[in-house]
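In this note's numbering, the protein residues as written are 605 to 797.
For every residue, glycine included, the Cβ atom is placed at its ideal position computed from N, Cα and C.
All values reported here derive from a predicted model rather than from experimental measurement.
Report on the following structure.
Shown next as structure tokens:
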């Protein structure tokens with residue numbers, strides 16, 4: 605969604621500017637920061653409402669090609685190739701909804717269905733979990749434990765030590781802003797930025 609909205613934001617079309625303002629709920633042309641906040645706010649909504657909003661955006665873009673970097677997720681063949689090279693995979697939920705905002709039933713579904721899909725495709729057990737957005741609380745951690753995961757990763761800054769809660773392991777958040785250069789990546793690893 606961020607990619608589609610960013611394309612609208614960069615467009616010179618007055619109609620696109622109006623459409624984007626309508627999506628975001630502003631009376632002015634939104635900035636990229638407004639768009640990022642909109643995406644964060646979407647995660648507060650129920651799954652059905654998120655899908656409705658996404659469908660409106662998709663409809664607006666139905667006659668245009670997707671941005672070149674849109675939906676560049678791994679496919680199962682790529683996962684198998686990476687697994688063959690020694691990379692292990694863990695669960696990250698099904699829909700990337702924020703788990704501490706879901707009821708127990710929805711949260712369990714996110715945890716179980718994701719794990720089952722991975723285990724089916726990988727033909728091996730999945731033991732690790734990474735919280736969407738890093739958001740978790742004691743209830744969610746208990747649900748993760750009850751699903752049989754051995755460890756779970758948050759997005760708290762820091763390095764793992766023997767005193768860390770194994771269901772709240774800190775990690776280094778690697779994303780497009782931290783990987784566009786080797787120097788930036790090293791700064792991220794060293795927790796400079």
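* **residue 650 versus residue 786 - alpha carbon distance** => Numbered from its first residue, the chain shown carries residue 650 at position 46. Numbered from its first residue, the chain shown carries residue 786 at position 182. For residue 650 and residue 786, the distance between alpha carbons rounds to 39 angstroms.
* Do the region 688 to 704 and the region 661 to 670 touch if we need at least three Cβ pairs shorter than 8 angstroms? -> Segment contact: the region 688 to 704 against the region 661 to 670, fewer than three CB-CB distances shorter than 8 angstroms; contact not assigned.
* **For residue 755: DSSP bridge partner residues** => Here residue 755 refers to the residue found at position 151 of the chain shown. The partner list for residue 755 (beta bridge, DSSP) reads 732.
* **Buried versus exposed call for residue 728 [16 or more other C-beta atoms within 10 Å across all chains shown]** => Stepping through the chain shown from its first residue, residue 728 is reached at position 124. Exposed.
* Asked: Can you tell me the Cα-Cα spacing of residue 706 and residue 696, whole angstroms?
  -> One-based indexing of the chain shown puts residue 706 at position 102. One-based indexing of the chain shown puts residue 696 at position 92. Roughly 15 angstroms separates the two Cα atoms.
* **Cβ shell of residue 736 (< 7 angstroms), same chain only, five flanking positions each side left out** => Taking the chain shown and counting its residues from 1, the one referred to as residue 736 is at position 132. For residue 736, where only same-chain residues beyond five positions count, the Cβ hits under 7 angstroms are 696, 697, 700, 701, 702, 703.
* With respect to the alpha helix (DSSP H) encompassing residue 667, which residues constitute its N-terminal and C-terminal limits? -> Translated into positions along the chain shown, residue 667 becomes position 63. Taken as a continuous stretch (DSSP letters only), residue 667 belongs to no alpha helix (DSSP H), as it is neither H nor E.
* Asked: Using the beta-carbon count (16 or more within 10 Å), is residue 766 buried or exposed?
  -> Translated into positions along the chain shown, residue 766 becomes position 162. Looking at its Cβ environment, which holds fewer than 16 other Cβ atoms inside 10 Å, residue 766 is exposed.
* **Pair within 7 angstroms by beta-carbon distance, residue 723 and residue 730** => For the purposes of this step, residue 723 is taken as residue 119 along the chain shown, with counting starting at 1. For the purposes of this step, residue 730 is taken as residue 126 along the chain shown, with counting starting at 1. Against a cut-off of 7 angstroms, the Cβ pair of residue 730 and residue 723 comes out as a contact.
* Asked: Is the distance from the Cβ of residue 757 to the Cβ of residue 745 below 7 angstroms?
  -> Your numbering for residue 757 matches position 153 in the chain shown. Your numbering for residue 745 matches position 141 in the chain shown. No, the pair does not count as a contact, with Cβ atoms beyond the cut-off.
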